[in-house]
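Undergrad:
2 protein chains.
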Amino acid sequence: MTDLDLSRLSLNQMTVRQLSLPELTDACAASGVPGVGLWREPVQAYGVRAAAKLVRDAGLTVTTLCRGGFLTAVDPDARAAALADNRRAVDEAAVLGTGTLVLVSGGLPPGSRDLHGARERIADALAALGPYAESHGVRLAIEPLHPMYAADRCVVSTLAQALDLAERFPARQVGVTVDTYHIWWDDTAPRQIARAGAGGRIHAFQLADWTTPLPAGVLNGRGQLGDGAIDLRQWSAYVAAAGYTGPVEVELFNEGLWERDGREVLAETVERFLRHAAG
Amino acid sequence: MTDLDLSRLSLNQMTVRQLSLPELTDACAASGVPGVGLWREPVQAYGVRAAAKLVRDAGLTVTTLCRGGFLTAVDPDARAAALADNRRAVDEAAVLGTGTLVLVSGGLPPGSRDLHGARERIADALAALGPYAESHGVRLAIEPLHPMYAADRCVVSTLAQALDLAERFPARQVGVTVDTYHIWWDDTAPRQIARAGAGGRIHAFQLADWTTPLPAGVLNGRGQLGDGAIDLRQWSAYVAAAGYTGPVEVELFNEGLWERDGREVLAETVERFLRHAAG
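Chains Y and F are the protein sequences, given in the same order. By this note's numbering, the letter at position 21 of the first sequence is numbered 21, and the numbering carries on one by one without gaps. To convert, count from 1 in the second sequence and add 1000; that's this note's numbering.
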């Protein structure tokens, strides 16, 4: 049992990035989707306070803001700039009324082969950002990304690694994002979900399916729910068994979906969520 | 310390697939490379016994035969065909005089989302193949492939999973292939290498570097040694510390390398091996 229904669904903005923010909020409200996950760039372009009002007036909740992170730089100026940018992301999350800022940790600096060192620099950054986030009512949610992104995007590749980092800090400051796309291959992930749940550290849960062949660059090939290899209901059940009762975001980066009518994709996504994850 | 020098190097045939088998053995012998890793298809095309003689006459050793595996089918006829094909692969390995058959386990059957079931079917197959291989003086070497291949190529994604399978059988029948390309992101892999070494189960060790962006389909983007994110000397040291003293194969699938002169690529690979892994 996943204990999921439409009341738990959130549509991540990237799934239908062809929709403007007003189109997105209109379509979600009309479809009975109560939540949206937002991205910083389109929100900044629209205006953060205006976006907050738009979502609020539509009766929607902002479930996460994507994304902070990119905390692996060695250069002091680059590190200071990254911390400042992450504080701004926390500020934006607070204005939007979401309690969760998703963190994509960052890849190896150019020329570096030191994954361990990069992971430790993330911990250093979290020590600075965690209290700042807490004081703004925002929790940081480290997202392990699939190991195929370890070099150039995110040196945190597994839930175990993400929790090893998060558990150095209070759960009200730092937790994890569980995204099926990134962890579905990992037979140790179910017990890491249980570990995360026991610690109150599942700060976000996202769904995407795994389809092949992967496109060049491997960024925009996330599958529509039900099209791929992931047993989404099973993973939803693991998260439910870990005590998570929060929103479930569908976050798809998919060139094929972006070429279609956004409202049609939204309707399809709702239907797929109910068919493949809920119940 | 990796304790590696040219006497340990083996060139996997796929690295310079533009070379014919006689060109490959000539070039290796001329360059002081004592080993070659062979693939079934070109060996079959040349003739297995003729290939064995060619390599022997050149004074080279066949370090591995690639590859058996693809053992995840559900359909009984498909399973029987896979087992028969793997027995032929063992026969070919024996003729070539190599003690190691590399296994790529296979992906999910079409429409399946059951990774656990697929992994169990691999174990069932190994129970049949292990004794056959042993009776022919061949060891099976399960190769965990990077998690990006979990759906369509290999449901065994980590050294831990590979060892969980291998350890159900005697080490003289079943061990693992350690390939830096597939495991470099995994912070638990060093202790799994130690586990494999302690059990006498490192049956093959292969080097390739990780470069980005990945090409479409993610099959042929393995980086030349030194071009990417992997600390090859560190991984070689882990394998050495685990007691492994066997050959080190360089196996690169790379469209860019295949477009170049094969002898030039071979010379470059030797130089990169000495610079980035040996010593």
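Yeah, the Cβ is synthetic: ideal placement off N, Cα and C, and Gly gets one too. The model shown is predicted, which means the values in this text are computed figures rather than measured ones.
For Arg191/Y, which residues of its own chain have a beta-carbon under 7 Å away from its beta-carbon, when the five flanking residues on both sides are left out?
TA: There are no such residues.
Undergrad: Would you verify that the beta carbon of Leu1214/F is, or is not, closer than 8 Å to some beta carbon of chain Y?
TA: Output row for Leu1214/F: interface = yes.
Undergrad: Buried or exposed: Gln224/Y, going by 16 or more other Cβ atoms within 10 Å of its Cβ?
TA: Counting Cβ neighbours within 10 Å, Gln224/Y comes out buried, since at least 16 surround it.
Undergrad: Nearest chain F C-beta to Ala151/Y closer than 8 Å, yes or no?
TA: Yes - at least one Cβ of chain F is within 8 Å of the one on Ala151/Y.
Undergrad: Of the residues that make up the stretch 86-114 of chain Y, which ones have a beta carbon closer than 7 Å to any beta carbon in chain F?
TA: Under the 7 Å Cβ criterion, the stretch 86-114 of chain Y contributes Leu108 and Arg113.
Undergrad: Which residue's Cα is closest to the Cα of Gly1069/F: Gly1221/F, Arg1139/F and Leu1009/F?
TA: For the residues Gly1221/F, Arg1139/F and Leu1009/F, the minimum Cα distance to Gly1069/F belongs to Arg1139/F.
Undergrad: What is the residue span of the beta strand (DSSP E) that Ile142/Y lies within?
TA: Arg139 to Ile142 is the span of the beta strand (DSSP E), which, as asked, contains Ile142/Y.
Undergrad: Counting contacts by CB-CB distance shorter than 8 Å, is Leu1148/F in contact with chain Y?
TA: The sequence given here has Met at residue 1148/F, not Leu. Chain Y, which has a Cβ nearer than 8 Å to the Cβ of Met1148/F, makes this yes.
Undergrad: Does Ala229/Y have its Cβ less than 8 Å from a Cβ in chain F?
TA: Yes, its Cβ sits closer than 8 Å to a Cβ of chain F.
Undergrad: For Asp1124/F, decide whether its Cβ has a neighbour in chain Y, counting only Cβ atoms nearer than 8 Å.
TA: For Asp1124/F, the answer is no, since every Cβ of chain Y falls outside 8 Å of its Cβ.
Undergrad: Is the Cβ of Gly217/Y closer than 8 Å to any Cβ of chain F?
TA: Answer yes: the Cβ-Cβ gap between Gly217/Y and chain F drops below 8 Å somewhere.
Undergrad: How many Å lie between Ser10/Y and Ile202/Y at the Cα?
TA: Spanning the two alpha carbons is a distance of roughly 16 Å.
Undergrad: Locate the alpha helix (DSSP H) running through Asn1086/F, then write down its first and last residues.
TA: Its alpha helix (DSSP H) spans residues Pro1076 to Leu1096.
Undergrad: Just the C-alpha distance for Asp1164/F and Ala1196/F, rounded to the nearest angstrom, thanks.
TA: Distance between the alpha carbons of Asp1164/F and Ala1196/F is about 10 Å.
Undergrad: What residues in its chain sit with their C-beta under 6 Å from that of Asp75/Y, if we drop five residues either side in the sequence?
TA: Answer for Asp75/Y: no residue qualifies.
Undergrad: Determine which residues share a DSSP beta bridge with Cys1066/F and list them.
TA: Trp1039/F and Val1102/F.
Undergrad: Only counting the same chain, and skipping five residues up and downstream in sequence, which positions put a Cβ closer than 8 Å to that of Gly137/Y?
TA: Excluding sequence neighbours, Gly137/Y sits near Ala94 and Gly99.
Undergrad: Output yes if chain F places a C-beta closer than 8 Å to the C-beta of Gln192/Y; else output no.
TA: Answer no: the Cβ-Cβ gap between Gln192/Y and chain F never drops below 8 Å.
Undergrad: Between Ala229/Y and the rest of its own chain, which residues show a CB-CB distance below 6 Å, the 5 nearest in sequence each way excluded?
TA: Closer than 6 Å at the Cβ level, and outside the excluded window around Ala229/Y, lie Trp210.
Undergrad: Given that a residue counts as buried once 16 or more other Cβ atoms are within 10 Å of its Cβ, and exposed if not, what is Gly984/F?
TA: Given that chain F is displayed from residue 1001 to residue 1279, the structure contains no residue 984/F and the question cannot be resolved.
Undergrad: Please say whether Leu252/Y and Val174/Y have beta carbons closer to each other than 8 Å?
TA: Cβ atoms of Val174/Y and Leu252/Y: not closer than 8 Å.
Undergrad: What are the residues of the stretch 179-208 of chain Y that lie near chain F, defined by any Cβ-Cβ distance shorter than 8 Å?
TA: Correct list: Trp184, Trp185, Asp186, Asp187 and Thr188.
Undergrad: So the candidates are Thr1158/F, Ala1189/F, Trp1039/F and Asp1124/F; which of them puts its Cα closest to the Cα of Phe1169/F?
TA: Ranking Thr1158/F, Ala1189/F, Trp1039/F and Asp1124/F by Cα distance to Phe1169/F puts Asp1124/F first.
Undergrad: Note down the Cα distance separating Arg1272/F from Pro144/Y, rounded to an integer number of angstroms.
TA: Using only the alpha carbons, I get a separation of about 32 Å.
Undergrad: Name the residues in the stretch 154-172 of chain Y whose C-beta lies less than 7 Å from a C-beta of chain F; which are they?
TA: Under the 7 Å Cβ criterion, the stretch 154-172 of chain Y contributes Ser157 and Gln161.
Undergrad: My assumption, with CB atoms under 8 Å, is that Val1048/F sits in contact with Glu1092/F. Please give the rounded CB distance.
TA: Between Glu1092/F and Val1048/F the Cβ distance is about 5 Å, and since that is below 8 Å, they are a contact.
Undergrad: From what residue to what residue does the beta strand (DSSP E) around Ile202/Y run?
TA: It spans Ile202 to Leu207 - the beta strand (DSSP E) in which Ile202/Y sits, taken as one unbroken run.
Undergrad: If the cut is a Cβ gap below 7 Å, which residues of chain F does Trp258/Y touch?
TA: Chain F residues near Trp258/Y: none, gap ~17 Å exceeds 7 Å.
Undergrad: Assuming Ile159/Y and Ala198/Y form a contact by the criterion Cβ under 8 Å, report the distance between their Cβ atoms to the nearest whole angstrom.
TA: The sequence given here places Leu at residue 159/Y; Ile does not occur at that position. 13 Å between Cβ atoms; not a contact.
Undergrad: Which bits of chain Y does Trp1210/F rub up against, with CB to CB less than 7 Å?
TA: Ala151, listed in chain order.
Undergrad: Roughly how many angstroms lie between the CA atoms of Gly1262/F and Asn1254/F, to the nearest whole one?
TA: Using only the alpha carbons, I get a separation of about 12 Å.
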